[in-house]
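Asks: The structure is given below, and queries will be raised subsequently.
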Amino acid sequence: MQELPEYLSVLKSRFGDRIEEIHAQHDDATAVVKRDAIVEVCAWLRDDEKTLFDLFLDLTAVDYIGRKPRFEVVIHLVSIPFRHRLRLKVRLDEDDPVMPTIIPVYPASNWFERECWDLYGIKFDGHPDLRRMFLQETFVGHPLRKDYPIAKRQPLIELRKSEVRRNDESVEPRPA
Amino acid sequence: MSLIEGRYGPNIVITSLDKVFNWGRGSSVWPMTFGLACCAIEMMATAASRFDLDRYGIFMRPTPRQADCMIVAGTVSVKMAERLRRLYHQMPEPRWVIAMGSCSISGGPYWEGGYHVVKGVDLIIPVDVYVPGCPPRPEALLDAFLTLKEKIAKETMAKKLA
Ligand code: SF4
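Just so you know, the sequences run in chain order A and B.
Using numbering that gives the first Met the number 0, the first residue of the first sequence is number 0, and each one after it goes up by one.
Using numbering that gives the first Met the number 0, the first residue of the second sequence is number 0, and each one after it goes up by one.
Dropping the structure here:
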């Protein structure tokens with residue numbers, strides 16, 4: 000376990016219970032934030048003089064199938080003045096994969112949230128335009144979820160001939 | 000073309016015309032660039048000065064209307080397949096297709112798990128020459144053009160014998 004950077008302890012003392020966990024394994028400062036606090040935490044991180052996390056890098060999700068809660072939304076932030084990096088995680092339950100949008104704080108997260116919705120099926124409450132980002136509108140399901148059947152095909156147009164497969168339909172979804 | 004194509008048997012006029020046309024078509028294939036992924040980089044390298052497609056009379060065209068060959072270089076996604084077929088139909092006949100790279104041959108690395116990839120461009124449009132590789136080297140693409148030239152040389156306007 001590495002030494003905790005100061006801004007992480009400051010964050011923990013500022014928000015208390017609403018930060019579930021902090022650590023800095025492999026020098027990666029990480030804070031697990033409660034879902035309802037995420038917008039507030041982001042706004043504070045961006046505006047406070049001691050943190051100034053002004054650059055939004057990435058938002059994505061991880062599907063820990065079989066674990067409770069199942070999903071983890073990961074947000075990466077950078078502070079340009081201090082050269083700090085921070086990773087925020089929000090854990091979401093399988094039955095209720097909804098999280099408040101952070102567009103009011105970081106407008107750049109708009110398309111990332113759409114991508115996250117497209118591929119993981121995580122809804123962002125308050126997002127102005129939550130459509131699919133990459134896949135066609137007619138696509139059924141969310142393919143980066145671990146229980147999406149990998150042999151499933153959803154062609155948009157009629158194919159000239161049928162696809163040749165090594166062993167038809169024997170491709171099972173990855174075990175949990 | 001339709002005035003004579005498929006109407007007469009292989010007589011001396013038809014076969015001589017065939018030779019002229021096939022020589023012209025095969026010696027100056029104008030491919031439409033259809034760079035979709037990493038294979039497109041090799042395709043560009045083939046067109047650039049080191050390998051220099053121009054000396055084979057091959058000029059990349061940016062539009063389907065001026066092209067008679069389509070190099071599908073890269074991963075054909077489900078969404079792109081629709082557009083690819085439309086662009087193919089916009090090319091004037093006669094037209095040929097080169098499938099470049101494992102992706103456009105069979106889905107390549109996305110063979111089993113790719114939810115968004117068409118498993119081979121030949122599911123969408125007919126393909127004349129397959130160039131295996133991930134990505135194929137520029138020499139392989141040049142070889143594909145020479146193979147295509149041989150293939151074109153065998154075409155004829157004569158009536159098909161049943
Ligand atoms: S065949 Fe390989 S190099 Fe070509 S587009 Fe597919 S992954 Fe990229």
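Idealized CB from N, CA, C, for every residue including glycine.
All values derive from a computational prediction rather than experimental measurement.
1. Give the secondary structure of residue 95 of chain B by DSSP, where H, G and I count as helix, E and B as strand, and everything else as coil.
2. Can you give me the Cβ contacts of residue 121 of chain A inside the same chain, cut-off strictly under 7 Å, excluding the 5 residues immediately before and after it?
3. Name the chain A residues that come within less than 7 Å of residue 112 of chain B, Cβ to Cβ?
4. Please report the straight-line C-alpha distance between residue 9 of chain B and residue 77 of chain B, rounded to a whole angstrom.
5. Could you compute how far the alpha carbon of residue 27 of chain A sits from the alpha carbon of residue 89 of chain B?
6. Quick check: is the beta carbon of residue 121 of chain B nearer than 9 Å to any beta carbon in chain A?
7. Around the C-beta of residue 14 of chain B, are 16 or more other C-beta atoms found within 10 angstroms, so that it is buried, or is it exposed?
8. Relative to the ligand SF4, is the shortest distance from any of its heavy atoms to the C-beta of residue 38 of chain B smaller than 8 Å?
9. I'd like to check one pair, residue 11 of chain A with residue 30 of chain A: are the Cβ atoms closer than 9 Å?
10. Run through chain B and tell me which residues come within less than 9 Å of residue 145 of chain A, C-beta to C-beta.
11. From the beta carbon of residue 125 of chain B, is the nearest beta carbon of chain A less than 9 Å away?
12. Nearest CA to the CA of residue 138 of chain A: which residue from B/29, B/144, B/115, B/110?
13. For residue 157 of chain B, which of helix, strand or coil comes out of DSSP?
14. Report the three-state DSSP secondary structure of residue 7 of chain B (helix, strand or coil).
15. Can you name the residues that DSSP bridges to residue 20 of chain A?
16. If we ignore side chains and look at the alpha-carbon of each, how far apart do residue 6 of chain A and residue 19 of chain A end up?
17. Going by the beta-carbon positions, is the gap between residue 150 of chain B and residue 128 of chain B smaller than 9 Å?
18. Taking the alpha-carbon of residue 34 of chain A as reference, which of A/151, A/88, A/160 has the nearest alpha-carbon?
19. Residue ranges of each beta strand (DSSP E) run of no fewer than 3 residues wholly in the stretch 67 to 141 of chain B, ordered along the chain?
20. Taking 9 Å as the threshold (beta carbon to beta carbon), is residue 170 of chain A in contact with chain B?
21. Please identify, using Cβ separations under 9 Å, the residues of the stretch 98 to 116 of chain A that lie next to chain B, in order along the chain.
22. Alpha carbons only, please: which of A/2, A/4, A/40, A/24 is nearest the one belonging to residue 14 of chain A?
23. For residue 103 of chain A, which option in A/23, A/118, A/84, A/126 has the closest C-alpha, if you only look at C-alpha atoms?
24. Taking just the CA atoms, how far does residue 119 of chain B sit from residue 159 of chain A?
25. Say the cut is 8 Å; is the CB of residue 35 of chain B nearer than that to a heavy atom of the ligand SF4?
26. Which of the three DSSP states, helix, strand or coil, is assigned to residue 74 of chain A?
27. Check whether the stretch 51 to 69 of chain B and the stretch 27 to 43 of chain B are in contact - that is, three or more C-beta pairs closer than 8 Å.
28. Which residues in chain A sit within 8 Å of residue 94 of chain B, going by Cβ to Cβ distance?
29. Among B/27, B/81, B/82, which residue has its Cα nearest to the Cα of residue 60 of chain B?
30. Answer yes or no: the CB of residue 177 of chain B versus the heavy atoms of the ligand SF4, is any distance below 8 Å?
31. Taking the alpha helix (DSSP H) that residue 46 of chain A belongs to, which residues open and close that run?
32. Any beta-carbon of chain A closer than 9 Å to the one on residue 118 of chain B?
33. How long is the line joining the alpha carbons of residue 103 of chain B and residue 121 of chain B, rounded to whole angstroms?
34. Please list, in chain order, the chain B residues whose beta carbon lies closer than 9 Å to that of residue 156 of chain A.
35. Please list the partners that residue 115 of chain B has in chain A, where partner means a Cβ-to-Cβ separation under 8 Å.
Replies: Short version:
1. In the structure shown, residue 95 of chain B falls within a strand segment according to DSSP collapsed to helix, strand and coil.
2. 60, 70, 72, 91, 96, 98, 115
3. 149
4. 43 Å
5. Rounded to whole angstroms, residue 27 of chain A and residue 89 of chain B show a C-alpha spacing of 53 Å.
6. yes
7. exposed
8. yes
9. Taking C-beta atoms as the reference points, residue 30 of chain A and residue 11 of chain A count as a pair closer than 9 Å.
10. Chain B residues near residue 145 of chain A: none, gap ~12 Å exceeds 9 Å.
11. yes
12. B/115
13. DSSP places residue 157 of chain B in coil when its eight states are reduced to three.
14. Residue 7 of chain B falls in the coil class under three-state DSSP.
15. A/31
16. 16 Å
17. yes
18. A/88
19. 68 to 72, 95 to 99, 128 to 130
20. Residue confidence is low: residue 170 of chain A scores 48 on pLDDT, short of 50, so the model does not pin down where it sits. No coordinate-derived value is stated.
21. Cβ contacts with chain B come from no residue of the stretch 98 to 116 of chain A.
22. A/40
23. Scanning A/23, A/118, A/84, A/126 for the CA closest to the CA of residue 103 of chain A turns up A/126.
24. Per the coordinates, the alpha-carbon of residue 159 of chain A lies some 11 Å from the alpha-carbon of residue 119 of chain B.
25. True, at least one ligand heavy atom lies under 8 Å from that Cβ.
26. Strand, per DSSP.
27. yes
28. Listed along the chain, the chain A residues whose CB falls inside 8 Å of the CB of residue 94 of chain B amount to none; the nearest CB is some 16 Å away.
29. Ranking B/27, B/81, B/82 by CA distance to the CA of residue 60 of chain B puts B/27 first.
30. Residue 177 of chain B lies beyond the range of chain B shown here (0 to 161); nothing can be said about it.
31. 37 to 46
32. yes
33. Their backbone Cα atoms lie some 8 Å apart in a straight line.
34. 77, 80, 81, 84, 123
35. For a Cβ distance threshold of 8 Å, residue set 133, 134, 142 of chain A lies close to residue 115 of chain B, ordered along the chain.
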